[in-house]
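There are 2 protein chains.
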Amino acid sequence: MKNLYTLLILAIWFTACTPKHEETTKIQIQDPLPSWNEGATKQAIVDFVSEVTNPDSESFVAPGDRIATFDNDGNLWSEQPLYFQLFYAIDRIKAEAENHPEWNEKEPFKSVLKGDMGKALSYGEHGIVEMVMGSHAGMSNDAFQTQVKDWLSTSKHPRFDKPYNELIYQPMLELLVYLRANDFKTFIVSGGGIEFMRAWVEEAYGIPSDQVIGSSIKTELVEQDGKLVIQRLPELDFIDDKEGKPIGINKFIGKRPIFASGNSDGDLPMIQWTTQGEGPRFGLYVHHTDSVREWAYDRESSIGRLDKGLDEAAANGWTVIDMQRDWKVVYPFELKEN
Amino acid sequence: MKNLYTLLILAIWFTACTPKHEETTKIQIQDPLPSWNEGATKQAIVDFVSEVTNPDSESFVAPGDRIATFDNDGNLWSEQPLYFQLFYAIDRIKAEAENHPEWNEKEPFKSVLKGDMGKALSYGEHGIVEMVMGSHAGMSNDAFQTQVKDWLSTSKHPRFDKPYNELIYQPMLELLVYLRANDFKTFIVSGGGIEFMRAWVEEAYGIPSDQVIGSSIKTELVEQDGKLVIQRLPELDFIDDKEGKPIGINKFIGKRPIFASGNSDGDLPMIQWTTQGEGPRFGLYVHHTDSVREWAYDRESSIGRLDKGLDEAAANGWTVIDMQRDWKVVYPFELKEN
Numbered sequence: 383m384k385n386l387y388t389l390l391i392l393a394i395w396f397t398a399c400t401p402k403h404e405e406t407t408k409i410q411i412q413d414p415l416p417s418w419n420e421g422a423t424k425q426a427i428v429d430f431v432s433e434v435t436n437p438d439s440e441s442f443v444a445p446g447d448r449i450a451t452f453d454n455d456g457n458l459w460s461e462q463p464l465y466f467q468l469f470y471a472i473d474r475i476k477a478e479a480e481n482h483p484e485w486n487e488k489e490p491f492k493s494v495l496k497g498d499m500g501k502a503l504s505y506g507e508h509g510i511v512e513m514v515m516g517s518h519a520g521m522s523n524d525a526f527q528t529q530v531k532d533w534l535s536t537s538k539h540p541r542f543d544k545p546y547n548e549l550i551y552q553p554m555l556e557l558l559v560y561l562r563a564n565d566f567k568t569f570i571v572s573g574g575g576i577e578f579m580r581a582w583v584e585e586a587y588g589i590p591s592d593q594v595i596g597s598s599i600k601t602e603l604v605e606q607d608g609k610l611v612i613q614r615l616p617e618l619d620f621i622d623d624k625e626g627k628p629i630g631i632n633k634f635i636g637k638r639p640i641f642a643s644g645n646s647d648g649d650l651p652m653i654q655w656t657t658q659g660e661g662p663r664f665g666l667y668v669h670h671t672d673s674v675r676e677w678a679y680d681r682e683s684s685i686g687r688l689d690k691g692l693d694e695a696a697a698n699g700w701t702v703i704d705m706q707r708d709w710k711v712v713y714p715f716e717l718k719e720n
Numbered sequence: 383m384k385n386l387y388t389l390l391i392l393a394i395w396f397t398a399c400t401p402k403h404e405e406t407t408k409i410q411i412q413d414p415l416p417s418w419n420e421g422a423t424k425q426a427i428v429d430f431v432s433e434v435t436n437p438d439s440e441s442f443v444a445p446g447d448r449i450a451t452f453d454n455d456g457n458l459w460s461e462q463p464l465y466f467q468l469f470y471a472i473d474r475i476k477a478e479a480e481n482h483p484e485w486n487e488k489e490p491f492k493s494v495l496k497g498d499m500g501k502a503l504s505y506g507e508h509g510i511v512e513m514v515m516g517s518h519a520g521m522s523n524d525a526f527q528t529q530v531k532d533w534l535s536t537s538k539h540p541r542f543d544k545p546y547n548e549l550i551y552q553p554m555l556e557l558l559v560y561l562r563a564n565d566f567k568t569f570i571v572s573g574g575g576i577e578f579m580r581a582w583v584e585e586a587y588g589i590p591s592d593q594v595i596g597s598s599i600k601t602e603l604v605e606q607d608g609k610l611v612i613q614r615l616p617e618l619d620f621i622d623d624k625e626g627k628p629i630g631i632n633k634f635i636g637k638r639p640i641f642a643s644g645n646s647d648g649d650l651p652m653i654q655w656t657t658q659g660e661g662p663r664f665g666l667y668v669h670h671t672d673s674v675r676e677w678a679y680d681r682e683s684s685i686g687r688l689d690k691g692l693d694e695a696a697a698n699g700w701t702v703i704d705m706q707r708d709w710k711v712v713y714p715f716e717l718k719e720n
């Protein structure tokens with residue numbers, strides 16, 4: 383990367399004597415966040431990036447330390463009326479039911495198969511773990527990835543009638559590109575399943591699989607037809623939520639981020655740990671305030687609850703995105719419709 | 383990365399009209415592996431890289447899939463007469479002994495403090511784990527990193543009288559640079575401690591902390607003086623050796639490498655799993671054959687044993703580096719001495 387960067391600098395420098403120079407520099411002076419309304423939120427982001435990338439600033443941060451972490455559910459894509467990964471689990475349980483006659487008598491599978499999601503979810507976290515284990519384990523990792531991709535290409539969100547991976551936030555896509563253009567390394571740090579995300583996030587967000595941190599189940603190396611295969615086991619390995627987020631970041635990245643973005647109380651330890659580091663730091667919350675274009679929910683929501691986080695954001699001067707006020711569009715498909 | 387790459391291509395393309403063009407292309411025709419003797423080993427590496435980066439070749443691999451994984455001990459730096467991390471553990475145990483009077487009666491600490499390493503190591507893997515727990519846990523992660531850096535700057539290898547992090551292999555440094563210049567992402571995948579390595583490998587190899595996979599102990603998030611801190615616990619989390627290497631690669635990288643390099647039977651599952659993937663794959667073993675400049679050991683060694691791996695390399699056509707024959711120099715300091 384460093385060499386490539388040097389080559390790039392060299393190469394761009396060489397272009398300075400060509401008439402095409404104007405074309406290349408124009409890229410840099412265009413608005414990097416066109417789907418964000420002007421205002422304090424956008425300005426705070428641009429000011430922070432300008433500061434940490436300015437070699438003459440006391441707040442300058444070396445490129446290798448420009449680590450930015452993003453929650454996924456409710457932060458890069460929607461999470462209502464249910465985490466999309468749960469829709470996947472439900473669809474897989476229905477598809478696999480004939481191979482699991484025992485599910486007809488066993489909750490929460492019994493309720494899922496009857497279509498009674500209220501009851502299925504009434505078993506709480508334990509029930510959700512059961513659903514994930516029943517639908518995400520017992521196959522090779524390659525087979526699982528294929529199943530997720532197949533599901534994404536054939537399933538649609540009940541409200542928008544669009545594939546789930548089109549319900550990603552256009553302003554956040556621009557923010558990711560903007561940060562990377564300024565030599566940030568962008569990571570996903572999500573309570574969602576790490577392999578579930580890896581099946582689609584590279585295409586959706588430009589984030590490669592090794593920059594995805596998430597919850598995981600255990601795996602083992604087995605031999606199938608004379609070849610080694612990673613097999614998924616019905617056993618929890620790591621929950622990447624709440625205190626698990628700093629733990630996961632330390633394990634996978636090995637550095638404290640200088641920029642962290644989330645939307646729920648599950649992201650609070652990540653944002654606290656990030657912003658407590660020395661030097662310039664940026665804490666960012668997405669506040670779901672738009673019941674027309676997306677959803678409005680915060681302190682009372684069972685999914686993506688943002689309660690303590692809102693208080694801490696105010697107390698610590700973190701930036702809070704008011705979705706209704708700050709975003710010109712929410713989803714990429716709105717750009718095509720305009 | 384992809385954006386940067388596009389910019390690079392654009393920028394280099396623009397330079398085609400300038401008189402400086404010659405200077406930029408010269409970089410590419412210089413020998414990328416100057417410390418490697420000409421021969422089948424070097425040729426196999428260059429041929430593989432040329433093939434997978436040639437868009438007109440059937441073996442072309444997209445940049446995002448050019449994943450290369452390297453074992454560390456005995457593969458990127460030396461590992462004799464003991465894994466260097468064990469020298470660290472021993473030095474730390476001696477330094478901390480006054481705070482642990484119980485160690486005077488407890489093996490393997492008792493033998494370490496008496497200077498009887500033969501006996502300390504006679505307790506096998508269990509004893510080594512005890513030594514690591516006793517010396518690597520019970521402090522914050524930041525404090526641990528500082529201790530490792532301090533140790534590296536003050537300790538010297540008993541045979542070479544050089545800092546341990548100067549006993550890295552010059553030819554492998556060139557290989558890492560060569561691969562990265564060809565858009566490979568280079569990762570360390572080592573049985574050594576992940577945080578022990580992260581303290582120095584970025585400077586030594588140009589590999590950032592998030593591209594380091596290793597064995598780990600558990601951590602917890604605690605509050606110290608009102609701030610969140612990652613604290614290291616005396617409990618094993620993950621052993622990144624043998625079958626653990628493919629498991630660790632799948633967990634951290636989420637893709638099967640196309641290039642894997644190791645030097646012991648502990649690397650065998652990684653090289654097998656890598657080379658069993660579809661499309662072009664490269665398996666590389668370092669064979670320690672140089673008792674004069676480094677060490678000579680293989681099938682009978684208790685450290686870095688290479689026995690089954692040698693047979694598998696021959697059977698599968700993997701490339702085996704004969705250190706004595708293939709490397710012009712072993713360590714970077716030899717270049718300065720010449």
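Protein chains in written order, with my numbering: chain H, 383 to 720; chain G, 383 to 720. Note that beta-carbon positions come from the ideal geometry of N, C-alpha and C, so glycine has one too.
What's the C-alpha gap between residue i and residue j?
i, j, result
"S643(H)", "S683(G)", "49 Å"
"K492(G)", "L615(H)", "41 Å"
"I612(G)", "I629(H)", "7 Å"
"D693(H)", "I640(H)", "21 Å"
"V443(G)", "P414(G)", "20 Å"
"L495(G)", "K424(H)", "59 Å"
"V712(H)", "L558(H)", "15 Å"
"P714(G)", "Y551(G)", "7 Å"
"E605(H)", "L650(G)", "14 Å"
"I475(G)", "M513(G)", "8 Å"
"G686(G)", "D623(H)", "38 Å"
"D708(G)", "L464(H)", "59 Å"
"S597(H)", "W533(H)", "20 Å"
"K544(G)", "K531(G)", "15 Å"
"P437(G)", "P445(G)", "11 Å"
For residue i, does the three-state DSSP call read helix, strand or coil?
i, result
"W662(G)", "Residue identity check: residue 662(G) is Pro in the sequence provided, not Trp. The answer is coil: DSSP assigns P662(G) none of H, G, I, E or B."
"Y560(G)", "helix"
"E405(G)", "Confidence at E405(G) is low in this model, with a pLDDT of 44, below 50, so the placement of that residue should be treated as unreliable; the coordinate-derived value is given next. Helix."
"S572(G)", "strand"
"G497(H)", "coil"
"G446(H)", "helix"
"L458(G)", "coil"
"A678(G)", "strand"
"W533(G)", "helix"
"Y587(G)", "helix"
"L650(G)", "helix"
By the 10 Å Cβ neighbour count, where 16 or more other Cβ atoms means buried, how is residue i classified, buried or exposed?
i, result
"Q654(H)", "buried"
"E461(G)", "buried"
"K408(G)", "Because K408(G) carries a pLDDT of 45, less than 50, the predicted location of this residue cannot be relied on, and the following value inherits that uncertainty. The residue is exposed, with fewer than 16 neighbouring Cβ atoms inside 10 Å."
"H518(G)", "buried"
"A450(H)", "buried"
"P416(H)", "exposed"
"T657(H)", "buried"
"A477(H)", "exposed"
Take residue i as the anchor and find which of the options has the nearest alpha-carbon.
i, options, result
"I576(H)", "N454(H), P437(H) and K424(H)", "N454(H)"
"F466(G)", "F578(G), D413(G) and M652(G)", "F578(G)"
"S572(H)", "Q658(H), G648(H), E676(H) and M515(H)", "G648(H)"
"S646(G)", "R638(G), H670(G) and D619(G)", "H670(G)"
"T435(G)", "F634(G), F566(G), V712(G) and Y505(G)", "F566(G)"
"I599(H)", "V511(H), Y470(H), Q529(H) and Y713(H)", "V511(H)"
"Y546(G)", "W582(G), P553(G) and M513(G)", "W582(G)"
"M652(H)", "E548(H), A695(H), M705(H) and E617(H)", "A695(H)"
"D447(H)", "V431(H), Y667(H), G456(H) and N523(H)", "V431(H)"
"E676(H)", "F526(H), E719(H), G574(H) and R541(H)", "R541(H)"
"T568(H)", "R580(H), Q593(H), R681(H) and N523(H)", "Q593(H)"
"M521(H)", "E487(H), N457(H), N419(H) and L603(H)", "L603(H)"
- Task: With 8 Å as the limit, tell me which residues of the stretch 639-657 of chain G have their beta carbon closer than that to any beta carbon of chain H; keep them in chain order.
- Result: P651, Q654 and W655
- Residues in the stretch 609-620 of chain G having any Cβ partner in chain H nearer than 7 Å: K609, L610 and I612
- Members of the stretch 438-450 of chain G near chain H, C-beta cut-off 9 Å: G446 and I449
- Query: Taking Cβ-Cβ distances below 8 Å as the criterion, which residues of the stretch 573-599 of chain H are in contact with chain G?
  - Reply: I576, E577, R580, E584, G588, P590, S591, D592, Q593, V594 and S598
- Give, in chain order, every residue of the stretch 498-526 of chain H whose Cβ lies closer than 8 Å to some Cβ of chain G. N523
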